[in-house]
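Once you know that position 247 of the sequence shown is 303 in our numbering, the rest is easy, because the numbers rise by one and skip nothing.
Here the structure is laid out as structure tokens; the discussion comes afterwards.
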Amino acid sequence: MPRYLFPTPKGSEITPREVYLNRRHFIAGATIAGALLALDGSAKAATSPTEPLKFSQGSVKAPSDKTTARELATTYNNYYEFGTAKTEPARNASTLKVRPWTVEIGGEVAKPRTIGIEDLLAMDLEERVYRMRCVEAWSMVIPWVGMSFSKLAALVEPTSKAKYVKFTSVARPEEMPGVRTRILDWPYTEGLRIDEAMHPLTFLTLGMYGETLPNQNGAPVRIVTPWKYGFKNAKSIVRIDFVEQQPRTAWMTAGANEYGFYANVNPEVDHPRWSQKHERLLPAFFASRETEKFNGYGAEVASLYAGMDLAVNF
Ligand SMILES: Nc1nc2c(c(=O)[nH]1)N[C@H]1C(S)=C(S)[C@@H](COP(=O)(O)O)O[C@H]1N2
Ligand SMILES: [Mo]
Numbered sequence: 057m058p059r060y061l062f063p064t065p066k067g068s069e070i071t072p073r074e075v076y077l078n079r080r081h082f083i084a085g086a087t088i089a090g091a092l093l094a095l096d097g098s099a100k101a102a103t104s105p106t107e108p109l110k111f112s113q114g115s116v117k118a119p120s121d122k123t124t125a126r127e128l129a130t131t132y133n134n135y136y137e138f139g140t141a142k143t144e145p146a147r148n149a150s151t152l153k154v155r156p157w158t159v160e161i162g163g164e165v166a167k168p169r170t171i172g173i174e175d176l177l178a179m180d181l182e183e184r185v186y187r188m189r190c191v192e193a194w195s196m197v198i199p200w201v202g203m204s205f206s207k208l209a210a211l212v213e214p215t216s217k218a219k220y221v222k223f224t225s226v227a228r229p230e231e232m233p234g235v236r237t238r239i240l241d242w243p244y245t246e247g248l249r250i251d252e253a254m255h256p257l258t259f260l261t262l263g264m265y266g267e268t269l270p271n272q273n274g275a276p277v278r279i280v281t282p283w284k285y286g287f288k289n290a291k292s293i294v295r296i297d298f299v300e301q302q303p304r305t306a307w308m309t310a311g312a313n314e315y316g317f318y319a320n321v322n323p324e325v326d327h328p329r330w331s332q333k334h335e336r337l338l339p340a341f342f343a344s345r346e347t348e349k350f351n352g353y354g355a356e357v358a359s360l361y362a363g364m365d366l367a368v369n370f
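What follows is the structure, encoded as structure tokens:
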């Protein structure tokens with residue numbers, strides 16, 4: 057396995073090894089310190105410009121833990137098109153041109169269409185605070201703004217052949233330094249089974265913290281599935297295809313034995329190189345929080361996986 061793929065150490069060892077043995081993770085630790093400084097007003101805010109959004113309050117119950125500071129959620133990111141270090145997306149992503157922007161929707165649909173970002177922003181938006189969990193065993197609580205993906209799907213009328221949905225992120229080497237490297241097989245692609253995609257929790261996300269998405273968080277439009285590991289949540293989406301076969305995703309291509317198609321948050325199924333039993337709820341320094349199955353959304357989504365062996369379909 058190449059070294060660049062999420063080199064997260066095991067369980068309770070997580071913090072000491074990150075801080076003392078691995079420079080990249082040392083920088084990540086420094087980012088957390090930086091975010092704490094930002095709360096004092098002494099560190100600079102994230103670079104990408106954002107605009108306020110109009111939205112209503114969604115009915116999904118917010119997690120019991122308090123919302124992550126915006127400064128942290130916008131400076132500690134995974135967005136490999138802009139570099140693999142957590143600080144790089146906030147520093148590099150302002151070069152991405154997010155206007156004009158269109159999303160092409162096609163495949164097994166009765167009404168394929170290209171939809172502009174302004175049309176998406178003009179739809180009824182709501183705010184939902186979701187618990188988010190990265191496969192690397194850190195987590196955040198983020199107030200997203202958007203709409204159920206099913207509302208977008210209704211516009212194109214998926215046919216009975218649509219068994220999966222494939223999401224494709226933008227890949228512009230001129231604007232994205234990571235795309236000039238071969239860290240992943242670009243463009244970044246992800247996928248969901250159709251019933252997962254149509255589940256009301258699956259969120260077509262246009263904003264966070266009441267404003268449009270900063271580039272480093274996936275402007276202008278991304279997907280968010282809160283019961284799955286963060287890598288399912290493709291950023292800066294330009295294509296959505298309804299397809300008959302399970303799509304091959306960028307992370308499966310990078311390491312199918314480590315990053316499965318389902319990627320449901322599950323403390324009982326460890327990553328081959330580290331435990332998933334606990335997590336670091338940022339900015340906490342230690343992995344002291346017990347990971348919840350389906351990231352705490354089991355009451356809503358467990359029935360999607362009835363009869364499936366989640367250790368096999370990980
Ligand atoms: N296009 C693209 N989407 C992506 C990624 C990426 O590298 N490229 N990283 C994923 C991972 S691993 C995580 S944890 C989340 C992070 O989202 P956030 O930075 O908004 O917290 O984005 C996901 N979506
Ligand atoms: Mo992640």
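Backbone N, C-alpha and C fix where the C-beta goes; we use that ideal spot for every residue, glycine too.
Since this is a predicted model, take the numbers as computed values, not measurements.
In the DSSP assignment, TRP200 is bridged to ARG184 and MET264. The Cβ atoms of LYS291 and GLY274 lie closer than 8 Å to each other. Under DSSP, TYR220 shares a beta bridge with ARG249 and VAL299. In the same chain as ASN133, and ignoring 5 residues on each side of it, the C-beta atoms closer than 7 Å to its own belong to LYS142, PRO145, ALA146, GLN272 and ASN273, in chain order. The stretch 255-262 and the stretch 324-342 do not touch, with fewer than three beta-carbon pairs separated by less than 8 Å. Inter-segment contact for the stretch 188-207 and the stretch 230-244 is absent: fewer than three beta-carbon pairs are separated by less than 8 Å. In the DSSP annotation of this structure, the continuous segment of the alpha helix (DSSP H) that includes VAL212 starts and ends at 205-212. When Cβ pairs closer than 8 Å are counted between the two stretches, the stretch 223-233 is seen not to touch the stretch 176-189, the count staying below three.
By the Cβ-count criterion, ARG278 is buried, with 16 or more other Cβ atoms from all chains shown falling within 10 Å of its own Cβ. If you draw a straight line from the Cα of SER359 to the Cα of PHE350, it comes to about 11 Å.
Counting only beta-carbon distances shorter than 7 Å to the non-hydrogen atoms of ligand 2, the qualifying residues in chain order are ASN134, CYS190, VAL191, GLU192, TYR285, GLY286 and PHE287.
The Cβ atoms of PHE138 and ALA149 sit closer than 8 Å to each other. Beyond the five residues adjoining it in sequence on each side, PHE287 comes within less than 7 Å, by CB distance, of VAL191, TRP307, TYR315 and ALA319 in the same chain, given in chain order. LEU176: member of the alpha helix (DSSP H) spanning 173-177, first to last residue. At the C-beta level, THR106 and THR268 come within 8 Å of one another. For TRP330, the secondary structure class from DSSP, reduced to helix, strand or coil, is strand. Membership of GLU127 in any beta strand (DSSP E) is not indicated; the residue belongs instead to the alpha helix (DSSP H) covering 126-129.
LEU337 sits in a strand when the DSSP states are folded into three classes.
Taking a contact as a CB-CB distance under 8 Å, the pair PRO270 and SER104 counts as one, their CB atoms being some 4 Å apart. For GLY311, the uninterrupted alpha helix (DSSP H) run begins and ends at 306-311, by DSSP.
By the neighbour-count criterion, in which a residue is buried when 16 or more other Cβ atoms sit within 10 angstroms of its Cβ, ASP297 is buried.
DSSP lists SER204 and VAL280 as the bridge partner or partners of PHE259. Taking 8 Å as the cut-off, the Cβ atoms of TYR244 and GLN302 do not count as close.
Contact check for ARG189 against TYR285 passes: the beta carbons are separated by less than 8 Å. Remark: the C-beta of SER195 is outside contact range of ligand 1, defined as less than 7 Å to any heavy atom. Where GLU356 is concerned, the enclosing alpha helix (DSSP H) starts and stops at 354-357. TRP194 is bridged by DSSP to ARG336.
Secondary structure note for GLU144: its alpha helix (DSSP H) is the uninterrupted segment 144-148. The beta carbon of SER292 sits closer than 7 Å to at least one heavy atom of ligand 1. Beta-bridge pairing by DSSP links GLN113 to GLU183. Assigned with DSSP and collapsed to three states, PRO233 falls in helix. Sequence-distant Cβ neighbours of LYS167 in its own chain, meaning closer than 8 Å and more than five residues away, are LEU211, VAL212 and GLU213. For GLY139, the secondary structure class from DSSP, reduced to helix, strand or coil, is coil.
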